[in-house]
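The working numbering numbers the first residue of the sequence shown as 568 and each following residue consecutively. Beta carbons: idealized from backbone N, C-alpha and C, even for Gly. Small disclaimer: the values here were computed from a predicted structure and weren't measured. Structure, as structure tokens:
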Amino acid sequence: MEYDVVVVGAGPAGASTAYHLAKRDVNVLLIDKCNFPREKICGDGIAPRAVRNLYKMGLQERLDGNFLKFGGFIFGGAGRAVVKREIPPTPRFPDHGYIIRRIDFDKLLLDYSRENGVEVLEGTKVIAPLVEDGKVFGVKALRNGEEIEICAKVVVGADGAHSVLGRKMGLLLNNPQYLGIAIRQYFEGVEEVGRYLEVYPDRVITPASGWVFPLGGSVANVGVGAMLYQIQKKKIDLHEYFQKFITESAIVFPKLRNAKPISPLRGALLRVGLGGSKVECPGLILVGDAASMTNPVSGEGITYALETGEMAAEHILESRMSGRGIHHDPEEDSFREKLLSKYFHYFRTGIRSIRWGDRPIFMRPLLSVVSKSEKRSADLVRALMYLRH
Ligand SMILES: Cc1cc2nc3c(=O)[nH]c(=O)nc-3n(C[C@H](O)[C@H](O)[C@H](O)COP(=O)(O)OP(=O)(O)OC[C@H]3O[C@@H](n4cnc5c(N)ncnc54)[C@H](O)[C@@H]3O)c2cc1C
């Protein structure tokens, strides 16, 4: 089997990469180890910046009216102050996001890519890259118990935070400053939830942070997450923190006192702020979680999965114009440099702010000041959701 591009992983990063390549007539194969629909542990919040990308892909009709839209943001719990704000209108971004279970969202995106010319191979687990002289030229995979080899001019690793391609090529970095862990559970019978993303760095779980994201009716996705260095330093048991969050938080307990869990409590790794991955080597580009593209403050990664997928497609298309045909050589044109120039300053500010944010002595007065000002609370929402550029 031989393709121009093989994309490994059909989450938002892989589906976006493959969609943008197929639209420009690149012969692309998208592989996933799972058969869709499949679960992905997530908060299910799709921020306005991601929605901009989805609408640009032509998905507005499929989303509008079919899933829960949120139009604002509630942030608080470190003290008495709570910031509640509608998403500020901007010319570049929609004034809403969505909350969609990943089991539905990822299937919708994968089906859409397929309809737009992407060849998809589900139930196929990549076990290693094919490498010659340090250059990746394909992948080795298991399908129906048999080993197969697939060659490509460029391989894109969109295989998530545990990326097998990144690991085998020595591209993943395990610095606890850039790793996070989060756990979530679905509940029904949740009260006092509306059309807001609710995020609570509540003092009962400091330095962790929790969320309650409504899914419609009385159902919500509830979770807690923290950075790995915080978990190690304070010897945090995240399951214990989750229990504290739902039973001791003055804001969250009243919402959940009559609620019942309707799924197991499950967790996953986050690779944040571009510091957990080297992103590329000859013949291979990593995108999304594999490229450590989760927002260090909000834990939001769908936006950056979609954006880096599109950027990788553009990068590959540029190589096609070079006269050498489709290829990836970081020495000649670095994809990592492109990510750094777009996201480095924002992510670095985020990494610094969480170091301050886990100190109640700093957080409480800050939230108190922000909650009293329309302008400052709008700025906070813009900053958390990166509603710039
Ligand atoms: C608890 C939690 C809550 C979160 N909440 C939010 C949120 O509310 N909003 C938000 O924007 N982000 C959130 N995130 C982050 C978000 O889930 C990720 O950033 C996003 O899923 C990244 O997309 P991706 O396509 O890079 O990777 P993934 O979505 O992980 O997709 C990777 C794909 O690769 C496949 N794969 C893996 N290994 C192989 C292999 N060897 N062979 C073939 N296929 C393979 C997998 O099956 C999977 O389909 C959360 C994360 C966690 C852990």
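Collapsing the DSSP output to three states places L588 in a helix.
With contacts defined as CB atoms closer than 8 Å, V722 and G705 qualify as a contacting pair. Excluding residues up to 5 positions away in sequence, A577, A582 and F603 lie with their Cβ nearer than 6 Å to the Cβ of L677 in the same chain. When the Cα atoms are used, C718 and I748 turn out to be separated by approximately 34 Å. Relative to ligand 1, even the nearest heavy atom lies 7 Å or more away from the CB of T773.
Between the C-alpha atoms of D571 and N594 there is a straight-line separation of about 5 Å. R833 is classed as exposed because its beta carbon has fewer than 16 other beta carbons within 10 Å across all chains shown. Taken through DSSP and simplified to helix, strand or coil, S908 comes out as helix. Sequence-distant partners of E755 (beyond 5 residues in either direction) whose C-beta falls short of 7 Å from its own C-beta, in its chain, are S785, V786, A826, K827 and I829. Cβ contact annotation for R619 (same chain, cutoff 8 Å, sequence separation greater than five): R659, F660 and P661, in chain order. The alpha carbon of V698 has as its nearest neighbour, out of G737, L841, D671 and Y679, the alpha carbon of G737. Bridge partners of V757 according to DSSP: none are assigned.
Annotation for P615: the continuous alpha helix (DSSP H) segment containing it runs P615 to K623. Looking only at R943, C609, L588 and A945, the smallest Cα-Cα distance to R751 is reached by C609. By the beta-carbon neighbour count (other beta carbons within 10 angstroms, threshold 16), N788 is buried. For K607, the shortest separation between its Cβ and any heavy atom of ligand 1 lies below 7 Å. In terms of side-chain proximity, the C-beta atom of G840 is found no nearer than 7 Å to any non-hydrogen atom of ligand 1. Approximately 7 Å separates the beta-carbon atoms of V771 and F812; this is inside 8 Å, confirming the contact. The continuous alpha helix (DSSP H) containing F809 extends over residues L805 to E815.
If you draw a straight line from the Cα of A879 to the Cα of T814, it is about 44 Å long.
Using a Cβ distance threshold of 8 Å, T861 and E867 count as a contacting pair. Between A708 and I715, the beta carbon gap of about 5 Å places them in contact (Cβ cut-off 8 Å).
For G784, the three-state secondary structure derived from DSSP is coil. If you look at G639, you'll find it in the beta strand (DSSP E) that goes G639 to G643. Close CB contacts of F634 within its chain, under the 6 Å cut and outside five residues either way in sequence, are with Y665 and I667 (chain order).
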